[in-house]
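J.: This is the structure, below, for whatever I ask next.
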Amino acid sequence: MADKFTQERNRMAAEKVIAALARRHMDGRYAETKEEALAIALSLIPAHSTVGWGGSMSIEEIGLKDAVRQGPYHVIDRDAAKDAEERKALERQCFSADYYLMSTNAITEDGILVNLDGRGPRVAALCYGPDHVLIVAGMNKLAADTASAVARVRHTAAPINALRFPGDTPCRKGGLCRDCLQPGCICSDLVITRNSMFPGRIQVILVGEDLGY
Ligand code: SF4
């Protein structure tokens, strides 16, 4: 758990971000800890909902995927796919899920979400398809403004995320983004979510601990 000064700052900052999200027709909540975040997330997903997810360390770290697998839900589990074809089919099924779980690569103080995908299933589902998108984001994802958020995503999150997948990109060899376009590049679609046309479709749980990258 964060020390008391970090906790206090996170709580105050989250309050501002949640107000900014509301102006953009997105719902925000604050959880002090991973455990609290898990309880809030589960309270938002009605029993018997169909639930899928995109690649996210954050939802894994708070135990949300396991809790959903063990709970009263119809689960679209892309992680259980036998091969790439089955994974693609499951990712497409997620577009008709009741709830889609993900994190965000960054969120601005003014409530703008910034995400970057290689193949695109996660940012596609964020933009369109699932009736509800539930985002879990540690306060380490907070950035001052859109430019800082994009810089965070491209220069901090992406080079670390790249190491989770096979490939031969410059960041995998040297730890720094070199703006590559080569096979295995995980930086294809940069999506900036500045509003939700459907109020409350996107729900964000900000967590007062570091989660993901
Ligand atoms: S080097 Fe390529 S894959 Fe790595 S972070 Fe930069 S654009 Fe993405």
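Oh and the sequence shown: position 129 is 128 in numbering that gives the first Met the number 0, straight run, nothing missing.
A virtual CB, placed ideally from N, CA and C, is assigned to each residue, including glycine.
Since the model is a prediction, treat every value here as computed from it, not as a measurement.
If you scan the stretch 113-183 from start to end, which runs of the beta strand (DSSP E) of 3 or more residues do you find wholly inside it?
T.: As far as the stretch 113-183 is concerned, its whole beta strand (DSSP E) runs of at least 3 residues are 131-137.
J.: Quick check: is any heavy atom of ligand 1 less than 7 Å from the C-beta of Ile-185?
T.: yes
J.: Contact defined as beta carbons within less than 8 Å: I believe Ser-102 pairs with Leu-210. What is the distance between those atoms, to the nearest angstrom?
T.: 7 Å
J.: Can you check which of these residues, Asp-76, Tyr-98, Tyr-99, Asp-178, is closest to Leu-89 by C-alpha distance?
T.: Asp-76
J.: Is Gly-165 near ligand 1, with its Cβ less than 7 Å from a heavy atom?
T.: Note that residue 165 is Pro in the sequence shown, not Gly. Pro-165: no, Cβ never under 7 Å from ligand 1.
J.: Would you kindly report the start and end of the unbroken beta strand (DSSP E) that includes Asp-26?
T.: 26-30
J.: State the Cα-Cα distance for the pair Lys-140 and Lys-81, rounded to the nearest angstrom.
T.: 32 Å
J.: Okay, do the stretch 85-99 and the stretch 149-161 touch, 3+ Cβ pairs below 8 Å being the bar?
T.: no
J.: Does at least one heavy atom of ligand 1 sit under 7 Å from the Cβ of Arg-177?
T.: At least one heavy atom of ligand 1 lies closer than 7 Å to the C-beta of Arg-177.
J.: Closer than 7 Å to a non-hydrogen atom of ligand 1 - does that hold for the CB of Ala-150?
T.: no
J.: Would you check whether ligand 1 has a heavy atom nearer than 7 Å to the C-beta of Pro-182?
T.: Checking every heavy atom of ligand 1 against the Cβ of Pro-182, none is found closer than 7 Å.
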